Amino acid sequence: MAFVITVAQQKGGAGKSTLAANLAVALGEGGGRVALLDTDPQGTLARWQALRGADAGPLAFEAPAGWRVQGALDRHRREADFVVIDTPPHAETESRLAIRAANLVLVPLQPSLPDLWASEATLNLAEAERRDYRLVLNRMPPTGKLRDVILGELARRGSPVLEERLGNRSAFAAAFALGMGVTESEPRGMAASEMRALAAALRGFTP
1 MAFVITVAQQ
11 KGGAGKSTLA
21 ANLAVALGEG
31 GGRVALLDTD
41 PQGTLARWQA
51 LRGADAGPLA
61 FEAPAGWRVQ
71 GALDRHRREA
81 DFVVIDTPPH
91 AETESRLAIR
101 AANLVLVPLQ
111 PSLPDLWASE
121 ATLNLAEAER
131 RDYRLVLNRM
141 PPTGKLRDVI
151 LGELARRGSP
161 VLEERLGNRS
171 AFAAAFALGM
181 GVTESEPRGM
191 AASEMRALAA
201 ALRGFTP
């Protein structure tokens, strides 16, 4: 039975789809069976998958909508080791279903107060569904006042934040434009190292 990771964040532009795609690829390294589900009507991952093509590696992909989400999820849960779900930037039906089905809800957070405030609705939904969740800091600069403000506020709130962080690196966008993950396009780069560290941390949540 697959471990289900739902990537959710109410605020658009938080890097949800890029994170989901790269995480799915990284979790598949070494022969892991991974399914990637795009439940966002914008279809960003569906376009990424079209660029990726059929010969890019063993990654099952599906873009279900509405009532089809549960069926797709049930099917891939039986066949994969991990299911990664990208969700719409709101708390409507697809997001609720995906969060309800998750073993872990992963909430990407950019270093800005608006992003932090916007994440509150997603965290509230995860808590209402009694789902375990973690914030993952995304597009983080190595230093800076805003970075320190966000880290301080998260510490004050006692928010569950993963130690593994993703930097503000152009390699993520460059890989996405090729239908690849950074672990494929620049396997020895810093972005790939960060993504592998995140994938390793998430494997630690599995039974």
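FYI, in UniProt numbering the residues of the sequence shown are 1 to 207.
Ideal Cβ positions, reconstructed from N, Cα and C, are used throughout, including at glycine.
Predicted model, so just to flag it, every value in this text is computed and none were measured.
Enumerate, from N- to C-terminal direction, the unbroken beta strand (DSSP E) stretches of 3 or more residues contained entirely within the stretch 108-194. 133-137
Answer yes if the stretch 153-172 comes into contact with the stretch 193-201, meaning at least three C-beta pairs across the two stretches below 8 Å, and no otherwise. yes
How long is the line joining the alpha carbons of leucine 59 and aspartate 132, rounded to whole angstroms? What you label residue 59 is simply residue 59 of the sequence shown in a count that begins at 1. What you label residue 132 is simply residue 132 of the sequence shown in a count that begins at 1. Distance between the alpha carbons of leucine 59 and aspartate 132: 25 Å.
Pick helix, strand or coil for aspartate 38, following the three-state DSSP scheme. Here residue 38 is taken as the residue at index 38 of the sequence shown, counted from 1. Strand at aspartate 38.
Nearest neighbour of leucine 106, chosen from Pro207, Ala8 and Ala2 [CA to CA]: As a working note, residue 106 is residue 106 in the sequence shown. Residue Ala8 is the option with its Cα nearest to leucine 106.
Where threonine 6 and alanine 118 are concerned, what is the direct C-alpha to C-alpha distance, given to the nearest angstrom? The count along the sequence shown starts at 1 and reaches residue 6 at position 6. The count along the sequence shown starts at 1 and reaches residue 118 at position 118. Roughly 17 Å separates the two Cα atoms.
Proximity below 8 Å, CB of leucine 27 to CB of leucine 178: By 1-based counting over the sequence shown, the position of residue 27 is 27. By 1-based counting over the sequence shown, the position of residue 178 is 178. No, the Cβ-Cβ distance between leucine 27 and leucine 178 is not below 8 Å.
Check threonine 44 in the structure and name its three-state DSSP category. In the sequence shown, counting from the first residue as 1, residue 44 sits at position 44. Residue state, collapsed to three classes: helix.
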